[in-house]
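Down below is the structure, laid out as structure tokens.
Residue numbers (this note's numbering): 34 to 288.
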């Protein structure tokens, strides 16, 4: 298959799944949509827990010594959170969602300012939450890099299937903003695929395990938002995915 096929299919499944969700969304009562969103939160929590277990991966433990992997993940989240908060990534992502909402809903009649605000909030929520769920996680990073390295799109095709079903449920709950997240999928995964082409290699296994564990904890924040337990500024934590491999290399050097 051509390089980029996995990302293209993923974008398509988000659009198709989201469109299907819009068609049935208005037929679903609020109670059903809330339950579906909670179910997605629980599944996201399960995926996050599975990824977070990589903190105990043998390759990582052997490379940095026992006990150090937890410190690597902790340091990654703290440093990444500081950098993300300083850059106001959460606010910028929400603002970008607002810009898309105004462009995509231009010309639609809305009654009153309160209704317009509620519509904008629903769009932004759908865009932000869907973008984070679809773009944060081991499958996104590893699948895109591996496709760029010519190892095939198998991981991204699996992710595309999962994202299609998730997009259907998200769109039924949050509306058209979910379809806009296909843009995030294309940009993030496309960029990582190009990165794989340029690098010509992947990170060593210990670095990947640290990145995966860190990404799993970031997904916990997404799950908490879906379950309405807390409003974690997940986007502000995204730089931790870049910090994790760097701290792993530092820990290996000090080992």
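Glycine included, each C-beta is placed from N, C-alpha and C at the ideal position.
In this text the structure is predicted, and so the values were computed from the model without any measurement.
- Runs of alpha helix (DSSP H) lying entirely within the stretch 49-123, each at least 4 residues, in chain order: 63-85, 91-97 and 101-120
- Query: Is residue 288 buried or exposed, if buried means 16 or more other CB atoms sit within 10 Å of its CB?
  - Reply: exposed
- Given residue 289 as reference, the closest of 65, 255, 204 and 120 once Cα atoms are compared: Residue 289 is absent from the model: the chain starts at 34 and stops at 288.
- Query: Alpha carbon to alpha carbon, how far is residue 45 from residue 162?
  - Reply: 18 angstroms
- Message: If contacts are defined as beta-carbon pairs under 8 angstroms, then residue 199 and residue 166 qualify, I think. What distance do you get, rounded to the angstrom?
- Response: 6 angstroms
- Test item: CB-CB of residue 32 and residue 215 under 8 angstroms: Beyond the ends of the chain as shown, which are 34 and 288, falls residue 32; an answer cannot be given.
- Query: Is DSSP giving residue 10 helix, strand or coil here?
  - Reply: Shown here, the chain extends from 34 to 288; a query on residue 10 therefore has no answer.
- Message: Tell me the residue span of the alpha helix (DSSP H) that contains residue 280.
- Response: 273-287
- Query: Using a Cβ-Cβ cut-off of 8 angstroms (strictly less than) and excluding sequence neighbours within five positions of residue 183, which residues of its own chain qualify?
  - Reply: 36
- Task: Could you work out which residue in 68, 92 and 52 is closest to residue 285 when comparing CA atoms only?
- Result: 92
- With a cut-off of 8 angstroms, do at least 3 Cβ pairs link the stretch 71-89 to the stretch 246-264? yes
- Item | Cα-Cα separation, residue 122 to residue 268 | 6 angstroms
- 8 angstroms Cβ shell around residue 202 - same chain, five flanking residues per side excluded: 54, 69, 70, 72 and 73
- Task: Using the Cα positions of residue 282 and residue 63, report the straight-line distance between them to the nearest angstrom.
- Result: 48 angstroms
- Query: From residue 229 to residue 188, what does the alpha carbon distance come to, in whole angstroms?
  - Reply: 14 angstroms
- Item | Pair within 8 angstroms by beta-carbon distance, residue 226 and residue 164 | no
- Message: Once the 5 residues before and after residue 105 are set aside, which same chain residues still bring their CB inside 7 angstroms of it?
- Response: 97, 243, 277, 280, 281 and 284
- Item | residue 128 to residue 136 span [Cα, whole Å] | 13 angstroms
- Of the choices 212, 207 and 90, whose alpha-carbon is the least far from that of residue 245? 90
- Query: Can the beta-carbon of residue 272 be found less than 8 angstroms from the beta-carbon of residue 131?
  - Reply: no
- Kindly indicate which three-state DSSP category residue 209 falls into: helix, strand or coil? coil
- Taking all protein chains shown into account, do 16 or more other C-beta atoms lie within 10 angstroms of the C-beta of residue 247, making it buried, or fewer, making it exposed? buried
- Message: Could you give the first and the last residue of the continuous alpha helix (DSSP H) run that contains residue 253?
- Response: 238-259
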